[in-house]
Amino acid sequence: MILLLQLTCCTPSAWELQQEDHESYSPSGIDTIVGSEKAPVYYIESLSASNKAIVIFPDIYGFSSRLRKIADTLAAKGFHVMLLDCFHGDTAEGKPDLLAWLTKFPHESILQDINAGLEFLLTKGVKEGEVSAIGFCWGGWAIAKSASEGISWKSGVSPHPSTKLEKFAFGMDEELMFSKVSMPFLLMPAGEDPDILKPGSSVVKKLEEAGGASVPFESMRHGWVSRGDLSIPDVKENIEKALAQMLEFIEKQY
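In case it helps, mature numbering (1 follows the signal peptide of the UniProt record, and there is no 0) puts the sequence shown at residues -16 to -1, 1 to 238.
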């Protein structure tokens, strides 16, 4: 699996899904579907009066107990939160050809699901234009690509982004995609993530002009926030640090 991940969206030593992330969790929100294509979502209403929201895009492992916990935590901070499953219940687990699997989800279908999700949030009292996005790994590509195709996110954050999929999976230009991103976008690359995602690169310089930034976590492996082993103190500490910076960045855009 590690070699296959390396050839697609992740790095050679990327974290795989932890057993604890398969374990049951009693979430505060609801599971439902949105749009004509019936995209699965996990939605939790803001725990305080609010017209702002966050859409979370998972990594290639889809929904997990950890992502639901993150969603619940953000809702407690004053956001409507929606986990959006653009894989429609499928995941990368057990797939012998990950590249072939990933290409089943081109940006056209992703945009359809995003628009359905945004329409759903409007029915919950969220104000148009007040929706930020968080994307883990593959989800970072989903944010960048959707923004480059006209989705107006308030802001975006991506821990360990896998935006290289734009080229490896779809044969397009990653830098060109980023050049069309106009909202504040915070990247949190792991140590072995590509240099294009780190300070000093042409991509990051362009993001900085729009209020974005790159904050590398050089000691962390790809996938640490959504899949890192919480029993390792350093990993747990850096997960908490990333989540705090993520929330701080999003909040300052409102």
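All residues carry an ideal CB built from backbone N, CA and C; glycine is no exception.
Spatial distance of residue i from residue j (CA atoms)
i           : j      : result
residue 243 : Tyr45  : Because the chain in this structure spans residues -16 to 238, residue 243 falls outside the shown range and cannot be described.
Thr57       : Tyr26  : 13 angstroms
Ile118      : Glu235 : 13 angstroms
Ser185      : Val165 : 15 angstroms
residue 278 : Lys148 : For residue 278 there is no data in the structure shown, the boundaries of the chain being -16 and 238.
Ser142      : Ala228 : 13 angstroms
Met230      : Lys220 : 15 angstroms
Trp85       : Gly62  : 36 angstroms
Leu(-13)    : Lys151 : Only weak support exists for where Leu(-13) lies, its pLDDT of 42 falling under 50; the coordinates are left without a value.
Ser163      : Ser48  : 32 angstroms
Ala100      : Ile127 : 15 angstroms
Phe169      : Phe154 : 22 angstroms
Ile180      : Glu158 : 9 angstroms
Trp125      : Ile17  : 22 angstroms
Neighbour flag for residue i against chain C, beta carbons, 9 angstroms
i      : result
Ala153 : Among the chains in the structure shown there is no chain C, since it carries only a single protein chain.
Other residues of its chain near residue i: CB distance less than 8 angstroms, five sequence neighbours each side excluded
i      : result
Phe89  : Cys70 and Phe71
Ala59  : Ser12, Gly13, Ile28, Glu29, Ser30, Leu31 and Val65
Val115 : Lys36, Ala37, Ile38, Val39, Leu102, Leu105, Trp137 and Lys138
Arg52  : Tyr9, Pro11, Gly13, Tyr26 and Leu67
Thr87  : Ala153 and Phe154
Residues bridged to residue i (per DSSP)
i      : result
Gly140 : Ala117 and Phe169
Leu95  : DSSP, once it has assigned bridges, lists no residue as partnering Leu95.
Pro24  : Ile17
Ser64  : Note that residue 64 is His in the sequence shown, not Ser. Its beta-bridge partners are Ala37.
Ala76  : Per DSSP, none; premise fails for Ala76.
Ala197 : Leu170
Sequence-distant residues of the same chain with beta carbon closer than 6 angstroms to residue i, five excluded per side
i      : result
Lys225 : none
Pro200 : Pro173 and Lys182
Gly195 : Pro168
Close-in-space but distant-in-sequence residues of the same chain around residue i (CB under 7 angstroms, 5 per side omitted)
i     : result
Thr75 : Ile44, Tyr45 and Gly46
Query raised in the report: Should the stretch 107 to 115 be called in touch with the stretch 184 to 200, which here means at least 3 C-beta pairs below 8 angstroms?
Result: no
Query - Cβ contact (3+ pairs, closer than 8 angstroms) linking the stretch 122 to 135 and the stretch 213 to 228 - result: no
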